[in-house]
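**Q** Sequence lines, in order, name chains V and U. The first sequence begins at 1310 in my numbering and counts up by one. The second sequence begins at 19 in my numbering and counts up by one. Ideal Cβ placement from N, Cα and C applies to all residues, glycine included. My structure is below; once you've seen it, I'll send some questions.
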Amino acid sequence: METLTHILNGFAVSLQPINLWYTFIGVFLGTIIGVLPGIGPSAGIALLIPVTYGMNPTSALIMMAGIYYGTKYGGSTTAILINTPGEAASVMTAIDGYQMAKKGRAGAALAISAVGSFIAGTLGVVGLTVFAVPLASMALKFGPAEYFALMFFALTAVSSLGGKSPAKAMISTILGLMIATIGIDLQSGQPRYTMGIPELQDGVGFVIAVVGLFAIAEVFSTMEDITKGVRSEIIRLKGRLWFTRDEWERSVAPILRGGVIGFVIGVLPGAGGTIAAILSYVWEKRLSRHPEEFGKGAIEGVAGPEAANNSDTAGAMVPLLTLGIPGGGATAVLLGAFIMYGIQPGPLLFQNRPDLVWGLVDSMYIGNIMLLILNLPLIGLFVRLLYIPRGILMPLIMAISAIGVYALNGNPVELYIGLLFGIAGYLFRKADIPVAPMVLSLVLGGTMEQSFRQAMTISGGNPGIFVGSAISVTLVALSALSVVLPFILPRLKAWRDGSRDTA
Amino acid sequence: MMTDRVILVGTIVVAGVYLFATAQIPVLEIGDPLGPKAFPRLLGLGLLIAAGLLFAEMRKDRRAPVPGAARVGSHDWRHLWVIAGVIVWTGAYYAAFERLGYVVATAIYLFALMAWFNRGRWVTNALASVLFCLLSYAMFVKLDVNLPKGILPF
């Protein structure tokens, strides 16, 4: 009953004119960021953090969350019209969406994306509303050892699912943790790895790292593409922006299934929207009576993955809000934003700031309605963004990045640190090293070390504390599995294939 | 494969340097039995283990090379030089950011980049760079975001 009151009060907060306005700004900017290839939700949120300093934290977080789920709506437009995901999680939408567009069904693909995103996004928020409180109550039993084990699991899960090479993802994760140790150690007061640079005493700001790793690095990659002459053809949007009855009937079940897949994947650390979309696509292809149409313009191949990558965002908010543990790059940046406002997400937040938590959650219902309106009648406006030459857009993103970094502390040295991260991010991409694990570990690193040291202090230096409760044993076992499985599974598969060949 | 070898060596070097730097941290045995070195030591060791896993992956890939894997050719160097140029130009922009001020430094920076990456459209590029600087400056000043004035009086 108390929770219901909080949920209703949350609507009172999210329906305040100022918060409605910031929800709108968030989802509007999110759609733009999603449409524009070259800037994703992580960089988008990070760049806006300095702008929101003077704002009320609830409004600021409502706006940043709006950017996060808004990008998923926008990403599909680019995927369908130019065969390039505007946002990584739209990668599967590009396959059949682009084929539909080539056949003159771009309007149907865009409409089913928007409607599917709305249904699944709303379902996801319902899931978030239902599961948040029980999980937060459970999290109240967590001590430092359990928290350390949970963060360890989040990092190992992200590493194991972070790309083609688990070893490279692990390197990225540990490098992020190492960067997080730079600065004055909070417990002993000792400076660590600062190399005598005063700007490093407070550590490396995560906003600077995120802007460098995501925005600047992406600009460098796109500039390389421009130099190589890589260009995408934009398919003109013509005809009615709606789907036929038959297309709708084919899409309903994939949307609902995609919504469930996306939410579950979102709650789990590591996987994220891209994997949710891939799983939904594979599942729909398997269930379809016309699997041969997949890859040639099957509407199920657009509806399912788009639904999955939208409900994933609501799922990802569950561990972020209830445990304070993000499961991927964008939620890591959101966690960083919470921390910058002096708010620690986690079970206590539900007790201490129910207005903020439920205001934020309820704003997601409203935001999804706004996104549906923005992405159907106003889609033509966003499509025009695709006509901005990349040669103009990329320099502008560099300038916006400079503003975002400089506005933090007014310190030009931080601009150079951001540039260094940009170079690192660019080289990481060339070397197939995923950057999301680094951002996640950079944000979690400080808390993780504190939990580790607190747990060891409680146990008098006995590491057995990390397997001292059922929760921590489970989490440590899951972490070990997620480290070992990516190395063992391919060998098992090779061994099984080998024995089948010889049989 | 060459890239992976560079990553492997780089990772081992970083782990070595990090562990060496960890050893240099002075320790005060007050209040915190574990001290500021323990967690970083684990990270250093973790990075060495990750390097070992990368080595194992490289050996596996050598036995089963990926079909059609692209090789980095000499033609890639031109693109790298362009990116190197952008990095140097960005460094120069940051150096001028406070001295010339946001509007002037950014307008020059943007115009030069657009001239290279959006060639031939001088008027569009000039308008885009100047209008963006003025509008963004006005907007951020309104939002109380501090941007350097530099040589301009406003």
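Please report the straight-line C-alpha distance between Leu1845 of chain V and Val1520 of chain V, rounded to a whole angstrom.
**A** Because chain V is modelled from 1310 through 1812, residue 1845 of chain V falls outside the range shown and cannot be assessed.
**Q** How long is the line joining the alpha carbons of Leu1629 of chain V and Ala130 of chain U, rounded to whole angstroms?
**A** As a first step, residue 1629 of chain V must be located in the first sequence, where it is residue number 320. As a first step, residue 130 of chain U must be located in the second sequence, where it is residue number 112. Straight-line Cα distance between these residues: approximately 42 Å.
**Q** For Ala1321 of chain V, would you say it is in contact with chain U, using Cβ-to-Cβ distances shorter than 9 Å as the test?
**A** For the purposes of this step, residue 1321 of chain V is taken as residue 12 along the first sequence, with counting starting at 1. For Ala1321 of chain V, the answer is no, since every Cβ of chain U falls outside 9 Å of its Cβ.
**Q** Let me know if Pro1563 of chain V comes out buried or exposed under the rule of 16 or more other beta-carbons within 10 Å of its beta-carbon.
**A** Position 254 of the first sequence, counted from the first residue, corresponds to residue 1563 of chain V. Pro1563 of chain V is buried by the Cβ-count criterion.
**Q** With Gly1319 of chain V as the anchor, note down where its alpha helix (DSSP H) starts and where it stops.
**A** The residue you call residue 1319 of chain V lines up with position 10 of the first sequence. Its alpha helix (DSSP H) spans residues 1311 to 1323.
**Q** On the CB-based measure, 16 or more other CB atoms within 10 Å of its CB, does Glu1609 of chain V come out buried or exposed?
**A** On the first sequence, residue 1609 of chain V is found 300 positions in, with the first residue counted as 1. With 16 or more other Cβ atoms within 10 Å, it is buried.
**Q** State buried or exposed for Ile25 of chain U, treating a residue as buried only when at least 16 other CB atoms are found within 10 Å of its CB.
**A** Working through the second sequence from its first residue, we reach residue 25 of chain U at position 7. Classification for Ile25 of chain U: buried.
**Q** What residues from chain U crowd round Tyr1725 of chain V, counting only those whose CB sits closer than 8 Å?
**A** In the first sequence, residue 1725 of chain V corresponds to position 416, counting from 1. Gly109, Tyr112, listed in chain order.
**Q** DSSP three-state label for Gly1498 of chain V, please.
**A** Indexing the first sequence from 1 puts residue 1498 of chain V at position 189. The answer is coil: DSSP assigns Gly1498 of chain V none of H, G, I, E or B.
**Q** So with CB distances below 7 Å, who are the chain U contacts of Asp1494 of chain V?
**A** For this step, residue 1494 of chain V is matched to residue 185 along the first sequence. In chain order: Pro54.
**Q** So, is the C-beta of Arg137 of chain U closer than 9 Å to a C-beta in chain V?
**A** Mapped onto the second sequence, residue 137 of chain U falls at position 119. Yes - at least one Cβ of chain V is within 9 Å of the one on Arg137 of chain U.
**Q** Could you give the residue range of the alpha helix (DSSP H) that holds Leu1705 of chain V?
**A** One-based indexing of the first sequence puts residue 1705 of chain V at position 396. Start and end: 1699 to 1718.
**Q** Nearest-angstrom Cα distance between Tyr1696 of chain V and Met1504 of chain V?
**A** Position 387 of the first sequence, counted from the first residue, corresponds to residue 1696 of chain V. Position 195 of the first sequence, counted from the first residue, corresponds to residue 1504 of chain V. Per the coordinates, the alpha-carbon of Tyr1696 of chain V lies some 46 Å from the alpha-carbon of Met1504 of chain V.
**Q** For Lys167 of chain U, would you say it is in contact with chain C, using Cβ-to-Cβ distances shorter than 9 Å as the test?
**A** The structure shown contains no chain C; its protein chains are V and U.
**Q** I want to know whether the segment 1478 to 1491 of chain V touches the segment 58 to 70 of chain U - three or more CB-CB distances under 8 Å.
**A** yes
**Q** Examine the Cβ distances between the segment 27 to 43 of chain U and the segment 65 to 76 of chain U and report whether three or more of them are shorter than 8 Å.
**A** Judged by Cβ distances under 8 Å, the segment 27 to 43 of chain U makes contact with the segment 65 to 76 of chain U, as three or more pairs qualify.
**Q** Please confirm whether Leu1751 of chain V and Ala1625 of chain V have their CB atoms less than 9 Å apart.
**A** Mapped onto the first sequence, residue 1751 of chain V falls at position 442. Mapped onto the first sequence, residue 1625 of chain V falls at position 316. No, the pair does not count as a contact, with Cβ atoms beyond the cut-off.
**Q** Could you spell out the range, first to last residue, of the alpha helix (DSSP H) harbouring Asn1618 of chain V?
**A** Sequence index remark: in the first sequence, residue 1618 of chain V carries index 309 (1-based). 1609 to 1632 is the span of the alpha helix (DSSP H), which, as asked, contains Asn1618 of chain V.
**Q** So, at 6 Å on beta carbons, what are the nonlocal neighbours of Phe1440 of chain V in its own chain, with the 5 sequence-adjacent residues on each side left out?
**A** As a position in the first sequence, residue 1440 of chain V is number 131, starting the count at 1. Excluding positions up to five away in sequence, the list reads Val1627.
**Q** Who are the neighbours of Ala41 of chain U on chain V, taking C-beta pairs under 8 Å?
**A** As a working note, residue 41 of chain U is residue 23 in the second sequence. Within 8 Å Cβ-Cβ: nothing; Ala41 of chain U doesn't reach chain V, min ~12 Å.
**Q** Check whether the segment 1598 to 1615 of chain V touches the segment 1404 to 1411 of chain V, counting contact only when three or more Cβ pairs, one atom from each stretch, lie closer than 8 Å.
**A** yes
**Q** Kindly provide the ranges of any alpha helix (DSSP H) runs that are 4 or more residues long and lie completely inside the segment 1351 to 1394 of chain V, ordered along the chain.
**A** 1366 to 1391
**Q** State the Cα-Cα distance for the pair Leu22 of chain U and Tyr1382 of chain V, rounded to the nearest angstrom.
**A** Mapped onto the second sequence, residue 22 of chain U falls at position 4. Mapped onto the first sequence, residue 1382 of chain V falls at position 73. Checking the sequence, you will find Asp at residue 22 of chain U rather than Leu. Cα-Cα distance, rounded: 36 Å.
**Q** Taking only beta carbons into account, state which residues of the segment 1753 to 1769 of chain V come closer than 7 Å to chain U, listed in chain order.
**A** Glu1758, Phe1761, Arg1762, Met1765, Thr1766
**Q** When DSSP labels each residue in this structure, what does Ile1493 of chain V get in the three-state scheme?
**A** Here residue 1493 of chain V refers to the residue found at position 184 of the first sequence. Of the three classes helix, strand and coil, the one that applies to Ile1493 of chain V here is strand, per DSSP.
**Q** Give the interface partners of Gly119 of chain U over in chain V, defined as CB-CB distance under 7 Å, in chain order.
**A** Along the second sequence, read from residue 1 onward, the residue named residue 119 of chain U stands at position 101. None at all; the shortest Cβ gap to chain V is about 12 Å.
**Q** When DSSP labels each residue in this structure, what does Ala1740 of chain V get in the three-state scheme?
**A** Locating residue 1740 of chain V in the first sequence gives position 431, where the first residue counts as 1. Of the three classes helix, strand and coil, the one that applies to Ala1740 of chain V here is coil, per DSSP.
**Q** For a quick check, are the C-beta atoms of Gly1582 of chain V and Ala1398 of chain V less than 9 Å apart?
**A** Against the first sequence, residue 1582 of chain V aligns to sequence position 273. Against the first sequence, residue 1398 of chain V aligns to sequence position 89. Yes, the Cβ-Cβ distance between Gly1582 of chain V and Ala1398 of chain V is below 9 Å.
**Q** Between Ile1634 of chain V and Pro1772 of chain V, what straight-line distance do the alpha-carbon atoms span, to the nearest angstrom?
**A** Counted from its first residue, the first sequence places residue 1634 of chain V at position 325. Counted from its first residue, the first sequence places residue 1772 of chain V at position 463. Cα to Cα, Ile1634 of chain V sits roughly 22 Å from Pro1772 of chain V.
**Q** Where does Pro44 of chain U land, buried or exposed, given buried means 16+ other C-beta within 10 angstroms?
**A** On the second sequence, residue 44 of chain U is found 26 positions in, with the first residue counted as 1. Exposed is the call here.
**Q** Going by beta carbon distance, what residues of the same chain come within less than 6 Å of Leu128 of chain U, once the five residues before and after it are set aside?
**A** As a working note, residue 128 of chain U is residue 110 in the second sequence. In the same chain as Leu128 of chain U, and ignoring 5 residues on each side of it, the C-beta atoms closer than 6 Å to its own belong to Ser147, in chain order.
**Q** Would you list, in chain order, the members of the segment 1501 to 1528 of chain V that have their beta-carbon closer than 7 Å to a beta-carbon of chain U?
**A** Arg1501, Tyr1502
**Q** Straight-line CA distance for Gln1499 of chain V to Ala1429 of chain V?
**A** Taking the first sequence and counting its residues from 1, the one referred to as residue 1499 of chain V is at position 190. Taking the first sequence and counting its residues from 1, the one referred to as residue 1429 of chain V is at position 120. Their Cα atoms are separated by approximately 49 Å.
**Q** Name the chain U residues that come within less than 8 Å of Gly1452 of chain V, Cβ to Cβ?
**A** Translated into the one-based positions of the first sequence, residue 1452 of chain V becomes position 143. Residues of chain U passing the Cβ test: none, with the nearest at roughly 16 Å.
**Q** Which residues bound the alpha helix (DSSP H) around Tyr36 of chain U?
**A** Translated into positions along the second sequence, residue 36 of chain U becomes position 18. Per DSSP, Tyr36 of chain U belongs to the alpha helix (DSSP H) from 20 to 41.
**Q** Which one of V:Phe1515, V:Leu1495, V:Asn1318, V:Leu1449 has the shortest CA to CA distance from Ala1355 of chain V?
**A** For this step, residue 1355 of chain V is matched to residue 46 along the first sequence. Here the closest residue by C-alpha is V:Phe1515.
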